[in-house]
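The structure appears right after this line, and notes come after that.
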Amino acid sequence: MTLAPVPKVVCGLVAFAIFWILAVFPAVPFLPIGRTAGSLLGAMLMVLFQVITPDEAYATIDLPILGLLFGTMIVSVFLERADMFKYIGKLLAWKSRGAKDLLCRICVISAVSSALFTNDTSCVVLTEFILKIARQHNLPPTPFLLAVASSANIGSSATPIGNPQNLVIAVQSKISFGNFLIGILPAMVAGVIANALILLIMYWKLLSIHKDEEDAGPEVVEEEFDSHRFSPATMSHFSSLNSQEWNAHLESASIQNSPQVQILRNRSLNVSEVIAAPGSTFDSARISNVSNGITSLTREETSPTSTAAALDPDVPASEKKSNFIMKWKRVLWKSCVYAITLGMLVALLMGLNMSWTAITAALALVVLDFKDARPCLEKVSYSLLIFFCGMFITVDGLNKTGIPSALWDFMEPYSHVDRASGIAVLAVVILVLSNLASNVPTVLLLGGRVAASAAAISQADEKKAWLILAWASTISGNLSLLGSAANLIVCEQARRAPNLPYTLSFWSHLKFGLPSTIIVTAIGLTLIR
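Residues in the sequence shown are numbered consecutively from 1, following the UniProt record's numbering.
See below:
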C-alpha cells in the first residue's frame, strides 16, 4: 500500500498521536480526560480530518469481539457470586510448606485462573490475599506480587479469553479455541515454570531468611478468605510503604508474632476497597473492566445466626427446615453456575462461535438467577467496550495513511516465520511496539500484515504467525510495570491495601521483568505449534 497524500498522513498522525498520548498518560495536564474518552477523541478526529469516512468508521467496529468481551464479563460476575475466586484463594494457603512452595503455588494458580477468567480478574482477586499471607508469615511481598502479575500475563496467553489481544487474534484469524489452546499451551507451561525458576533464583536468599518465621496457621488465612469481600474502587487515604519500610515494619512486629497475637491481629483486619485509581494505569478501560465488572460484587451469605439456629434445639422445626432449604438452594445454584461455565468452555473447545457461546452462557446465568438482571448488567464495563470501539476506528484510520504498511514493507523481508532469525526479528518488533503503543493496538496494526506475509509461505505458517503474535504481545507485558494493565492492577492494589500498603517500584519490576521477558519469550517461541 502506498502512502496517502501528505495532508491525510499528517492529520492521521495527529489523531493517532492524541490517542496514543491519552492511552499511555490518561491524566496529562493539558487534557486529563482519560483513555476511554481519548479513544473516542482519536476516532472522531480521524473522521473529522476525513482520514476515514463515517461509514468506514462504523464498519471497522468488530462486533464479535465486543460480544465476546460482554459475555465473559457477565460470566465473571456470576463466578464471583458463586465464590469461585474465594476457593482459588484458599488453595494458596492449603498445606503450604514455606515461602518457596507458596511462590510456586501462586505462579500456577495465577496462570491457570488467568487462562480461564482473564489476567486482570486474577490479579484483582489474588493481590490482597497475597499481601495478607506475606504479612502473616513475615515475608517480603515483592517476589509474590511479581509472581501474581507475571504469571497472570503468561497464563492468559494460552486461550482466546485470557486477554483482549487474544480475543482480537482469535476472531481475526478464525483459529478455534481448541487449536489456539493446543498451539500455545506447551509454551505457556514452559513459560510459567521458567518464570517461577527466575523468581526463585533472584529471591532465593530473601525467601530463605524468612523461613523460620513462616508458622502462621492456614486456619487464620482461610478465615480471612471467608471474610473477604470486593467493593467499588475508591480513593484510599493510606500511605504506601516501600520495601525498606516494609522490612523495618516486619522486624518491629516480629516480637508480636506469637500465635495468640497473630489471631487477634488477623481478626481485627478490615477489608478495604479494591483500588484501580484513574490515571495510574496503562489501560484504564481494562482496569475499569476489573473494578466495575469483577469487583463490587454482591454475594448471598449464610448468616451465622442461621447456622446457630440449625444447631439450637429450641429453634422451631419450621425455621430449621427453612434454613436447610435455603442452604441447599444456594448449593444447587452455585453448582449450576459452575456447570454452565464448564459448558461454555466445552463449547469453545468444540469450535463453536466464541462470541455467541459467551453471550449464550451469560444469558443462561441471568435466567438461572431468576431476578432483575439490571444489577448484574450494571457491573459490565461499558467503558471498556467504548474504548475498543474508538480504538478500532483510530487504528483503522492510521492504517489508511499507509504508514504501517510502509514500515512493514521495510521489516517484512527480515521477519519470515519459516526461519529462526525471522521469528526473532518479528518477536523483537512486537515486543518493542507492545511496550510503546500497548499490545492491543500492536495486534490490530500488525496482525493482518504478519498473517498475509506468512500465508504466502504456507497455511501452517499463517497460523503460526498469529500464535507468535499472541505469545509475544502478551509476554511483552512483563517487561516493565507499564507493560500491561495486570501489572498496574497489582501495583495499585498493593499500594492502596488496608493496614499495610506496599509500593512495588518501577525499577524492582524492571530488574525482574527484563530477564524474565527475554527468557520466557525465547523459550515459548521454540514451542509454539
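Heads up, the beta-carbon is just placed ideally off N, CA and C, and yes, glycines get one too.
All values derive from a computational prediction rather than experimental measurement.
For the pair residue 433 and residue 450, the CB atoms are not nearer than the 7 Å cut-off. Taking C-beta atoms under 8 Å as the contact rule, residue 385 and residue 66 qualify, at a distance of about 5 Å. The straight-line gap separating the alpha-carbon atoms of residue 318 and residue 82 is approximately 27 Å. Residue 60 sits close to residue 393, with the two beta carbons spaced by under 7 Å.
Distance from the CA of residue 92 to the CA of residue 132, rounded to the nearest whole angstrom, comes to 11 Å.
Counting the other Cβ atoms within 10 Å of the Cβ of residue 462 gives 16 or more, which makes it buried. Distances from the CA of residue 146 to each of 358, 322 and 196 were compared; the closest alpha carbon is that of 196. Residue 503 and residue 129 have their C-alpha atoms roughly 16 Å apart.
Just measuring C-alpha positions, the residue of 192, 57 and 342 sitting nearest residue 84 is 342. If you check the CB distance, residue 481 and residue 506 come in under 7 Å. Secondary structure within the region 52-122: the alpha helix (DSSP H) runs of 4 or more consecutive residues, fully enclosed, are 54-60, 63-81, 84-93 and 99-117 (chain order).
The beta carbon of residue 357 sits closer than 7 Å to the beta carbons of 344, 347 and 348 from its chain, once the five residues preceding and following it are set aside; these are given in chain order.
Cβ-Cβ distances below 8 Å link residue 12 to 4, 46, 49, 51, 397, 398, 400, 401 and 403 in the same chain, with the five nearest sequence neighbours on each side left out; the list follows chain order.
When C-alpha distances from residue 88 are compared across 70, 72 and 123, the shortest belongs to 123.
The beta-carbon separation of residue 192 and residue 75, rounded to 24 Å, does not stay under the 8 Å limit for a contact. Across the structure, residue 436 and residue 408 are spaced so that their CA atoms are roughly 17 Å apart.
Annotated as distal: residue 99 and residue 151, with beta-carbon spacing of 7 Å or more.
Within the model, the alpha-carbon separation for residue 395 versus residue 40 is close to 12 Å. Cβ contact annotation for residue 182 (same chain, cutoff 8 Å, sequence separation greater than five): 529, in chain order.
In chain order, 3 place their CB closer than 7 Å to the CB of residue 406, counting only its own chain and leaving out the 5 sequence neighbours on each side.
Excluding sequence positions up to five before and after residue 163, its CB lies within less than 7 Å of the CB of 118, 119, 156 and 474, all in the same chain and listed in chain order.
A check of alpha carbon separations from residue 521 across 490, 199, 73 and 477 identifies 477 as the nearest. Between residue 20 and residue 323, the alpha-carbon positions lie close to 55 Å from each other.
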